[in-house]
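Trainee:
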Amino acid sequence: MFDTPELAAFRAQVRAFVRAELPDDVRATVRAGRQLAREQYERWHARLAARGYLVPHWPVEAGGQGWGAAQRLVFDEEMCTNDAPELNSITFDMIGPVLIRYGDAAQKAAFLPAIAAGTQWWCQGYSEPNAGSDLASLKTRAERRGDRYVVNGSKIWTSGAQYADWMFCLVRTDAEAKAQEGISFLLIDMKTPGITVRPIRGIHGWEVFNEVFLDDVAVPAANLVGQENRGWTVAKSLLEFERLKLARVGENKRRMARAREIGMRATADGATLFDQSWFRKRFAALEVRLLALEANAARFVERAAHGEPVGAEVSMLKLRGSQLIQLWEQLAVDALGAAALAFDPAALHGDGGADALGLPELAATASSRRFLSRGYTIAGGSSEIQHNIIAKQVLGL
Amino acid sequence: MSLFTLDENQTMLADSARRFIERAEDDGARAARDAHAHGCTPERWRAFADLGWLALPLAEADEGLGGSAADLCVLAEEFGRGNLLEPWVACAVLGAGVLAEAGTAAQRARWLPAAARGDRRIAFAAWEPGARFDPARVETRAVAAGSGFRLTGVKELVLGAPGADALVAAARLPGDEAPALFLVEAGAAGCRTTAHGLIDGSRAARVAFDGAPAERLDGAPDARAALWRALDRATLAHCAETIGAMARAFEVTLDYLKTRKQFGRVLAGNQVLQHRLVDCFVAVEEARALTRAAAQAFGADPAAAVRQVAAAKAFVADAARDAWQEAVQMHGAIGMTDEYVIGRYVKRLAAAQALYGDADFHLERVAAAGAAMRAAA
Ligand SMILES: Cc1cc2nc3c(=O)[nH]c(=O)nc-3n(C[C@H](O)[C@H](O)[C@H](O)COP(=O)(O)OP(=O)(O)OC[C@H]3O[C@@H](n4cnc5c(N)ncnc54)[C@H](O)[C@@H]3O)c2cc1C
Ligand SMILES: Cc1cc2nc3c(=O)[nH]c(=O)nc-3n(C[C@H](O)[C@H](O)[C@H](O)COP(=O)(O)OP(=O)(O)OC[C@H]3O[C@@H](n4cnc5c(N)ncnc54)[C@H](O)[C@@H]3O)c2cc1C
Chain D
72 MFDTPELAAF RAQVRAFVRA ELPDDVRATV RAGRQLAREQ YERWHARLAA
122 RGYLVPHWPV EAGGQGWGAA QRLVFDEEMC TNDAPELNSI TFDMIGPVLI
172 RYGDAAQKAA FLPAIAAGTQ WWCQGYSEPN AGSDLASLKT RAERRGDRYV
222 VNGSKIWTSG AQYADWMFCL VRTDAEAKAQ EGISFLLIDM KTPGITVRPI
272 RGIHGWEVFN EVFLDDVAVP AANLVGQENR GWTVAKSLLE FERLKLARVG
322 ENKRRMARAR EIGMRATADG ATLFDQSWFR KRFAALEVRL LALEANAARF
372 VERAAHGEPV GAEVSMLKLR GSQLIQLWEQ LAVDALGAAA LAFDPAALHG
422 DGGADALGLP ELAATASSRR FLSRGYTIAG GSSEIQHNII AKQVLGL
Chain P
-4 MSLFTLDENQ TMLADSARRF IERAEDDGAR AARDAHAHGC TPERWRAFAD
46 LGWLALPLAE ADEGLGGSAA DLCVLAEEFG RGNLLEPWVA CAVLGAGVLA
96 EAGTAAQRAR WLPAAARGDR RIAFAAWEPG ARFDPARVET RAVAAGSGFR
146 LTGVKELVLG APGADALVAA ARLPGDEAPA LFLVEAGAAG CRTTAHGLID
196 GSRAARVAFD GAPAERLDGA PDARAALWRA LDRATLAHCA ETIGAMARAF
246 EVTLDYLKTR KQFGRVLAGN QVLQHRLVDC FVAVEEARAL TRAAAQAFGA
296 DPAAAVRQVA AAKAFVADAA RDAWQEAVQM HGAIGMTDEY VIGRYVKRLA
346 AAQALYGDAD FHLERVAAAG AAMRAAA
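Protein chains in written order, with the working numbering: chain D, 72 to 468; chain P, -4 to 372.
(1) In whole angstroms, what is the alpha-carbon distance linking residue 321 (chain P) and residue 184 (chain D)?
(2) When every heavy atom of ligand 1 is checked, does at least one fall within less than 7 Å of the C-beta of residue 220 (chain D)?
(3) Give a yes or no on contact between the stretch 243 to 253 of chain D and the stretch 295 to 307 of chain D, applying the rule of three or more CB pairs nearer than 8 Å.
(4) Find the residues of chain P that neighbour residue 204 (chain D), judging by a C-beta separation of less than 8 Å, and give them in chain order.
(5) From residue 200 (chain D) to residue 285 (chain D), what distance separates their C-alpha atoms?
(6) For residue 91 (chain P), collect the residues of the same chain with a Cβ closer than 7 Å to its Cβ; drop the 5 residues on either side in sequence, then sort them by chain order.
(7) At the level of alpha carbons, what is the spacing between residue 241 (chain P) and residue 213 (chain D)?
(8) Using a Cβ-Cβ cut-off of 8 Å, state whether residue 405 (chain D) counts as contacting chain P.
(9) Cβ of residue 211 (chain D) within 7 Å of any heavy atom in ligand 1?
(10) Ordered along the chain, which non-local residues of its own chain (more than five positions away) have a Cβ less than 7 Å from that of residue 372 (chain D)?
(11) Between residue 221 (chain P) and residue 176 (chain P), which are expected to be in contact by the criterion C-beta below 8 Å, what is the C-beta distance as a whole number of angstroms?
(12) Tell me which residues share the same chain as residue 55 (chain P) and place their Cβ nearer than 8 Å to its Cβ, disregarding the 5 neighbours each side in the sequence.
(13) Is the stretch 380 to 390 of chain D close to the stretch 317 to 329 of chain D, with three or more CB pairs under 8 Å?
(14) Closer than 7 Å: is that where the CB of residue 382 (chain P) sits relative to any heavy atom of ligand 1?
(15) Taking only beta-carbon atoms, is residue 338 (chain P) less than 8 Å away from chain D?
(16) Taking the alpha-carbon of residue 259 (chain P) as reference, which of D:336, D:206, D:107, D:247 has the nearest alpha-carbon?
(17) Please identify the residue among P:324, P:23, P:273, P:355 whose C-alpha is closest to the C-alpha of residue 448 (chain D).
(18) Residue ranges of each alpha helix (DSSP H) run of no fewer than 4 residues wholly in the stretch 343 to 421 of chain D, ordered along the chain?
(19) With residue 11 (chain P) as the anchor, note down where its alpha helix (DSSP H) starts and where it stops.
(20) Say whether chain D places a C-beta atom closer than 8 Å to the C-beta of residue 151 (chain P).
(21) For residue 268 (chain P), is the beta carbon positioned less than 7 Å from some heavy atom of ligand 1?
(22) Taking 8 Å as the threshold (beta carbon to beta carbon), is residue 341 (chain P) in contact with chain D?
(23) Sort D:453, D:156, D:349, D:290 by Cα distance to residue 310 (chain D) and report the nearest one.
(24) Checking contacts by CB at 8 Å: is residue 245 (chain P) closer than that to chain D?
(25) Exposed or buried, what is residue 393 (chain D) when buried is set at 16 or more other beta-carbons lying within 10 Å of its beta-carbon?
(26) Taking residue 126 (chain P) and residue 148 (chain P) to be in contact with their CB atoms under 8 Å, please state how far apart those CB atoms are, rounded to whole angstroms.
(27) Specify the secondary structure class of residue 249 (chain D) as computed by DSSP and reduced to three states.
(28) Kindly indicate if chain D contains any beta-carbon less than 8 Å away from that of residue 122 (chain P).
(29) Using CA atoms only, rank isn't needed, just tell me which of D:404, D:395, D:291 is closest to residue 337 (chain D).
(30) Pull up the distance between the alpha-carbon of residue 374 (chain P) and that of residue 330 (chain D), whole angstroms please.
(31) Does the beta carbon of residue 266 (chain P) come closer than 8 Å to any beta carbon on chain D?
(32) In this structure, how does DSSP classify residue 224 (chain D) when only helix, strand and coil are distinguished?
(33) Specify, as a first and last residue, the run of the alpha helix (DSSP H) that residue 38 (chain P) falls within.
(34) Tell me the residue span of the beta strand (DSSP E) that contains residue 191 (chain P).
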């Protein structure tokens, strides 16, 4: 919508790339709304990395392309609307940039090349059973003993922990200090003895998040990022990276494309859903909200391009973008009608169960995706917390 | 008789149902049901029969207990509150109900006393692919064959079909505009049933008839009206089930927010969450009042109650959506897990949004009923 001639040319380039290079099986899995296997991601990572498209937002010195926000948004949009999978943002958008900014030379050398090659997977060990929105109340302890920390405690909701090679983890290193002040940021090898991962099945039927138990886990002191007891600063900086991306314009467009496809394919009495006023209007209403989101995001992109800070106000993009994804997913379910009520665990994993029922492929996972999308307004600072941020930091309440 | 206070019998029914469900619906019973291909163990169905719940929807003449729509709603609400997933509404209210409405005396005598005793279970194949919950959209064909008929066509989302002894289905006879109703015995040649789960954990089937032998239910002068009466009655019971589930989801959420602490105080101490809890509470009360009023109107005159029944379902469908979405959001991540109790209610309410017709379908009925009233005025 807001492309300059240069951006339009760039968009065409990205589109040609993804259409030519995305492996067919990956495209099919994404189109059907299923979860990818790690092996599928890795084949795609390799092609992206070969083209310099895996971590293009990293600075050139760190192995990236130094792209700005505008290029990044165009890139995401083309990936989403051409059935490329959403990449693991914990690895590429969180720990990568953290290490670039706070890691020491040894840490950078040890991790950045593997991350940039797309072969090393990370998970984020922040939340605990009693530390959710109030993250600073976390209790997992790390005790310094010689050249190592010994970690005890448990993490929960750790997405992808069952596949991850490494976890970046917030631990309490000073029990006496005020909440935020006794926290440290540690890198933990998931193969270390004393770590147990228990996957948690979601209402959508997939095992997305996990519980991670840490029982006398020995972590080399060299894996401390930043200073001891100063981990909160490192942790919070994550929130500053990629804040524009949290508008999720591309992910919204992915959902819009799916809803459009359902609307065109689902027929009643020979007419498509687009011939029915309820669907046409609901689709158009969400389209309008997406245009608003996109315009609003473009406003922040412009600011960032002029080197102005985007400020706490940018929370509004996360707030709206996450709600809108949920509205698209609900529309898809409503559009599919009775077909979306069937649930077949085998179909979620691509074992073809749904075809035996004669259901259209999108129907088999529509309900699960609708449930999955509820996480967008909870994770990464819930909608309530985003409201609080805007109320306090923008409106001064 | 008060519209909104339960009478003595209804109070007893609700109390005994709640006691039974609290005792019987434990982890073991849930696991047994989930593992059973029919989504219902024979022991459970037998227990329902012993409690009189299978007889409740049927007329005394059919060896039932002659329960009113309002009585059914009282029991149904307890089903939803306890998250029972057995096909009580689908079979005891709807399947047997269509047969009661449309069967001849002989057909009723053959099936209904046995249904009331729990010896026979009947499901109704109400919807066809692409019909968007409209039971009047029927493409299934019936042709005469010998003393009976043969059906050809596909039905989807046949609730309670796995394990049912008979299926009732609508089909069109050559040259007839209005569909007629037929009964197909389970296991008949040319009747292929593909069972599947639903998102709430209950069981249904897709049924393909390919020249399946069928018997016509020709005890009612107007099969379409008979079908709608049975379906509306079941829709009311389904609304009440949903209200029970909404009420429980609300209580679980309320309790959770009163105990979970973040930022040094209970979550329920935040006004923004308090107001949303209030909205959830009000929605349950309003939905229950609307559904009760509709059930009373239906008891007095089913044909005149269409607008109220459709209004109840349209309202409950949206309320169920709001209820599960708020329950998840206010629980945070734990609300998205299968293992914590709220997850089961979330899935049930999400399914209930669309079962027996979604809000869009029933709003069309409300609008059509309004237009008919204006035309008559
Ligand atoms: C899909 C998904 C993936 C996740 N992945 C990870 C991961 O990889 N690593 C990780 O560490 N964590 C992860 N999380 C956890 C996530 O960070 C937490 O869910 C989030 O911080 C909220 O915490 P909570 O779930 O404990 O909810 P709570 O903090 O208990 O909140 C419950 C409800 O109360 C509201 N609330 C809380 N405080 C207030 C307040 N002051 N005012 C008003 N309302 C309030 C919340 O908004 C929410 O609606 C994930 C979560 C989800 C849903
Ligand atoms: C049409 C009309 C007719 C009226 N007639 C009469 C009359 O005949 N006699 C008479 O005496 N008065 C009358 N009133 C006045 C009425 O009682 C007041 O408007 C009312 O009490 C609210 O007070 P306020 O307008 O000062 O708003 P405020 O109390 O200042 O409130 C402003 C806003 O803040 C909200 N608010 C206030 N406290 C809280 C809180 N603790 N938490 C969250 N939100 C809060 C309110 O809901 C409102 O949205 C009338 C008002 C109207 C609009």
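For each residue, glycine too, the CB sits at the ideal point set by N, CA and C.
Quick caveat, the model's predicted, so the values are computed rather than measured.
Mentor: Inspection of the coordinates gives the following:
(1) 43 Å
(2) no
(3) yes
(4) 257, 258, 327
(5) 13 Å
(6) 52, 53, 107, 110, 117
(7) 43 Å
(8) yes
(9) no
(10) 140, 141, 144, 315
(11) 7 Å
(12) 61
(13) yes
(14) Past the boundaries of the shown model lies residue 382 (chain P); chain P is included only from -4 to 372, so the question cannot be answered.
(15) yes
(16) D:206
(17) P:324
(18) 348 to 376, 386 to 407, 416 to 419
(19) 3 to 19
(20) yes
(21) yes
(22) yes
(23) D:453
(24) no
(25) buried
(26) Actually they are not in contact, since the Cβ atoms of residue 126 (chain P) and residue 148 (chain P) sit about 11 Å apart, beyond 8 Å.
(27) coil
(28) yes
(29) D:404
(30) The shown model of chain P, from -4 to 372, leaves out residue 374 (chain P), and the question about it has no answer.
(31) no
(32) strand
(33) 37 to 45
(34) 186 to 193
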